[in-house]
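Worksheet: the structure to be examined is printed underneath.
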Ligand code: FBP
């Protein structure tokens with residue numbers, strides 16, 4: 002019988018149903034690939050031209066004036082309808098041109114649509130024109146490794162996530178030799194223009210390329226990419242030119258779906274605190290967006306913590322007539338106390354579970370850690386400067402690195418100059434857990450950035466939280482509140498008089514959630530309290546219902562940690578990112594066709610409805626500032642952090658107590674649902690953007 006029912010493997014493999022359900026291409030992929038993003042209205046005019054807008058003021062940095070003289074005086078440019086009758090305008094669009102493009106930095110959803118928009122526009126004006134994609138980011142440019150981007154390659158990647166079409170890389174074009182190699186590649190391919198799709202560091206690359214290529218007549222256009230959302234550009238008068246980089250919305254939505262699923266699990270199983278670390282190298286934009294998307298109980302914004310003032314310390318110091326400088330800015334210890342405070346508050350209303358979001362880059366805002374990062378950056382950079390071998394090759398293991406630091410405290414460094422690493426630094430550093438020291442000493446990326454994603458911030462902070470919660474528990478301050486109606490039913494079912502016992506064991510017998518007195522921290526102390534109040538005699542056992550209530554009030558603190566980063570970076574783009582990026586690609590082409598260089602393609606009014614979107618070019622050189630990298634000051638594009646005066650942040654501050662639900666209110670979790678590229682359930686812009694546009 003069995004054998005008769007069992008089909009041959011050959012039959013199964015050749016069955017059309019098997020082919021259909023195991024195919025690499027499913028219906029979602031087919032639908033995504035065939036979806037056509039909307040085009041900004043102006044792109045339906047036959048030709049466009051660009052208009053300089055000096056009224057949008059962006060101030061120059063002196064160093065940028067020196068290093069980028071040929072592009073520093075660029076203005077913001079608006080793309081406007083062109084004169085269709087002028088022959089020169091037509092020619093500028095119709096000439097056969099070669100354009101190169103590469104991705105740079107971490108993947109961000111929507112990148113393929115930038116290429117699709119660029120490709121469609123290039124071919125629309127001249128089917129003979131060619132688009133070349135450099136492989137593996139800037140390395141492809143320097144090493145002349147590229148593919149010609151074809152219709153079928155583009156069609157296979159439309160509206161799809163990742164940068165897999167031509168891959169990406171994080172190399173920096175930071176030497177004369179690398180710059181000349183890049184130029185040679187572009188000259189050999191007779192490129193008219195190069196498009197750099199990248200974040201702050203990659204657009205920094207783009208600015209230097211634009212400066213160097215200007216004399217060769219090769220235009221360079223940047224495109225604002227990064228899930229971190231830290232490319233947000235405002236004029237000196239606070240007018241928004243670029244509200245957000247692409248990929249941010251999708252990554253935030255992808256993380257939020259996972260976090261929201263955890264809120265459902267947490268509130269069903271009521272035994273875990275889920276600690277979600279969310280990507281974002283420095284700024285906390287992603288965390289703030291996820292907080293709005295999910296209404297998780299507790300979300301931290303690094304920028305706010307950096308502003309933290311410990312008023313209790315200040316008061317104490319004032320009484321002594323001294324100033325306590327350590328009361329300003331946050332330390333890991335302060336931060337862990339803040340977390341404990343909220344856990345205890347929530348537990349008091351019966352909720353010993355929850356979901357918290359911490360931003361990956363929070364360490365940047367923690368006083369003592371930031372000092373370590375800067376000092377270690379300098380020590381590593383100094384070492385690399387003096388020696389042939391780099392620091393990490395010379396000191397491959399943590400132990401030898403730590404030994405090198407110890408030598409510095411004894412004045413046994415390489416230079417006679419005063420060492421920035423002293424005995425106190427060494428002592429404090431060695432108090433940190435080994436894995437954390439290892440993280441802080443890890444190799445910086447090619448742009449000199451500290452690699453926050455590699456450090457288990459969530460583990461170190463939760464260890465501190467657990468330690469302090471156990472102290473609070475011993476002191477009787479961390480208890481689970483017992484709902485009064487539940488307490489009453491247990492007592493009445495056992496024929497006890499609830500009110501009489503409540504007065505003895507609870508510190509707030511009148512409230513909705515009852516808290517066992519702080520002095521009762523064990524069955525022994527419970528029994529003693531009942532004896533003292535003459536509710537039982539020393540020979541009696543504590544009645545079972547009272548033990549039940551006591552045990553229910555006794556918290557266990559259990560956590561699950563999660564890291565949301567690479568998964569969201571690889572997500573397929575949202576409807577917003579599909580449209581945004583496709584139009585960025587088209588904008589890049591129109592800037593090129595109109596002769597612009599050293600500009601970043603951007604969409605103004607992104608925070609408003611689609612019909613208000615305006616394609617523009619933003620001068621990259623004007624966005625540059627000096628920043629510490631690898632222990633030196635370097636000219637880079639300034640990262641935009643959360644503005645604590647912004648609408649979004651102020652609204653978050655006003656709503657977060659409700660989301661914490663530490664009064665007797667219910668949790669107010671929000672379910673954003675999965676990332677979608679069609680359908681009416683999708684809100685059409687990031688929530689933080691919508692709030693900031695009010
Ligand atoms: P970009 O700035 O290049 O867009 O990358 C952002 C990011 O995803 C950060 O959020 C994260 O800290 C970092 O990249 C991780 O870098 P890596 O890919 O090298 O692990």
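Numbering (my numbering), first residue to last: 2 to 695.
Don't be surprised by glycine CBs; every beta carbon is placed ideally from N, CA and C.
The structure presented is a predicted model; accordingly, all values stated were derived computationally and were not measured.
Cβ-Cβ separation, residue 360 to residue 287 (assumed contact under 8 Å), whole Å: 7 Å
Best match in 501, 546, 423, 207 for proximity to residue 104 [C-alpha to C-alpha]: 207
Residue 719: CB within 8 Å of a non-hydrogen atom of the ligand FBP: Limits of the chain in this structure are 2 at one end and 695 at the other, which puts residue 719 out of reach.
Any non-hydrogen atom of the ligand FBP within 8 Å of residue 226 CB: yes
Member of 88, 309, 31 whose CA lies at the smallest distance from the CA of residue 161: 31
Candidates 428, 409, 429, 56: closest to residue 420 by CA position: 409
Inter-stretch contact at 8 Å, needing at least 3 Cβ pairs: the segment 184 to 200 / the segment 91 to 106: yes
Euclidean distance between Cα positions of residue 623 and residue 63: 10 Å
heavy atom of the ligand FBP below 8 Å from residue 334 C-beta: no
Candidates 43, 95, 447, of which the one nearest residue 83 by Cα: 43
At least 3 beta-carbon pairs within less than 8 Å: the segment 306 to 317 vs the segment 386 to 395: no
Short Cβ contact (9 Å threshold) for residue 138 with residue 168: yes
Length of the line joining the Cα atoms of residue 351 and residue 603: 49 Å
Residue 130 beta carbon near the ligand FBP (any heavy atom closer than 8 Å): no
Closer than 8 Å: residue 566 CB and nearest the ligand FBP heavy atom: yes
Proximity test, residue 570 beta-carbon vs the ligand FBP heavy atom, cut-off 8 Å: yes
Where the alpha helix (DSSP H) through residue 87 begins and ends: No alpha helix (DSSP H) contains residue 87, which DSSP labels as neither H nor E.
Contact check, residue 714 vs residue 357, beta carbons under 9 Å: Here the chain covers residues 2 to 695 and nothing more, so residue 714 does not appear.
Distance cut-off 8 Å: residue 453 Cβ against heavy atoms of the ligand FBP: yes
Cutoff 8 Å; reference residue 520; Cβ partners in own chain excluding five residues on either side: 477, 526, 530
Any non-hydrogen atom of the ligand FBP closer than 8 Å to residue 361 Cβ: yes
Euclidean distance between Cα positions of residue 605 and residue 241: 7 Å
Alpha-carbon to alpha-carbon, residue 518 and residue 508: 5 Å
Boundaries (first-last residue) of the beta strand (DSSP E) holding residue 25: Counting along the chain, residue 25 falls outside any beta strand (DSSP E), and DSSP gives it neither H nor E.
N-terminal and C-terminal residue of the alpha helix (DSSP H) that residue 211 is part of: 201 to 214
Start-to-end residues for the beta strand (DSSP E) that takes in residue 450: It is not in any beta strand (DSSP E) - residue 450 carries neither H nor E in the DSSP assignment.
Anticipated Cβ contact below 8 Å, residue 591 with residue 171, distance rounded: Contact doesn't hold; Cβ gap of about 29 Å is too wide.
Cα-Cα separation, residue 382 to residue 633: 8 Å
Check: residue 1 C-beta below 8 Å from any heavy atom of the ligand FBP: Lying before the first or after the last residue shown, residue 1 is absent from the chain, which here runs from 2 to 695.
Nearest-angstrom Cα separation, counted from residue 460 out to residue 523: 29 Å
Under the three-state DSSP convention, the category residue 273 falls into: coil
Closer than 8 Å: residue 612 CB and nearest the ligand FBP heavy atom: no
Proximity of residue 687 and residue 281 at Cβ, strictly below 9 Å: no
Residue from 153, 152, 134, 155 with nearest C-alpha to residue 145: 134
Helix, strand or coil at residue 73 according to DSSP, with G and I counted as helix: coil
For residue 550, the nearest candidate out of 435, 499, 541 (CA to CA): 499
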